[in-house]
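Right, one structure below, let's go through it.
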Amino acid sequence: MELATLEPGDELPPVTIEDLQGSDMKLGAALLQDPYPPHFDERTAEEMGYPRLLNQGPFNLSYLLQCALQPAASPTALESFDTRFHAMVFEGDTVTASATVDSVRKDNTDGKPEAVTFSIELTREDGTVAVDGTATVRVPDE
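To get my numbering, take the position in the sequence shown, counting from 1, and add 1190.
So, in structure tokens, the structure goes:
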């Protein structure tokens, strides 16, 4: 699927991450220097009312970027990324990132596509939308 040929309503292949692992969340907390205990301490997560370890927000955003940047020549083609968090994602969850073309910006002189804006969503397996927003990706020059 080429970025320059996409039209509004086109959908990119979804990206599904199955059975999120607590060990990855613990490693992520260390790498991100994120001291929030529900990311790495099961007991604290339970005491705070969480069912399991809490996935890091930046990880959830990365799943959306993996999806939206599939047709891009490079991750540097990302022009803008605007998201809202709606629900938490926990250890053991399966999430799916999806991207649908919202609009295509075209050059005023030759009508060639310059950028594609996607509506993006990260959905838990129970149908809950955890994160949504938009991502705009530049079409490479030919």
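C-beta atoms are modelled at their ideal positions from N, C-alpha and C, and glycine is treated no differently.
From the DSSP output, which residues share a beta bridge with Pro1303? Lys1296
Helix, strand or coil for Leu1222, going by three-state DSSP, please let me know. coil
For Gly1282, which of helix, strand or coil comes out of DSSP? coil
Exposed or buried, what is Pro1228 when buried is set at 16 or more other beta-carbons lying within 10 Å of its beta-carbon? buried
Measuring alpha carbon to alpha carbon, tell me which of Thr1273, Arg1274, Leu1255, Gly1282 ends up nearest Pro1265. Leu1255
Go ahead and label Asp1283 buried or exposed: buried means 16 or more other beta carbons lie within 10 angstroms of its beta carbon, across all protein chains shown. By the neighbour-count rule (16 or more Cβ atoms within 10 Å), Asp1283 is buried.
Close beta carbons around Ala1320, own chain, < 8 Å, minus the five adjacent residues each side: Asn1250, Phe1275, His1276, Ala1277, Met1278, Val1279, Val1285, Leu1312, Thr1313, Arg1314
Contacts around Ile1310, its chain only, beta-carbon distance under 6 Å, and the 5 residues preceding and following it disregarded: Leu1254, Ala1258, Ala1289, Gly1323, Ala1325
Since Leu1268 and Val1327 are thought to touch, with beta carbons under 8 Å apart, how far apart are those beta carbons, to the nearest angstrom? Yes, Leu1268 and Val1327 are in contact; Cβ-Cβ is about 6 Å, under 8 Å.
Tell me the DSSP bridge mates of Asp1214? DSSP, once it has assigned bridges, lists no residue as partnering Asp1214.
Quick one: Cα of Ala1194 to Cα of Tyr1240, how far? In a straight line, the C-alpha of Ala1194 is about 43 Å away from that of Tyr1240.
Any idea what DSSP makes of Ser1309, helix, strand or coil? Three-state result, Ser1309: strand.
Spatially closest choice to Lys1302 from Gln1211, Asp1292, Val1329, Phe1308, by CA coordinates: Val1329
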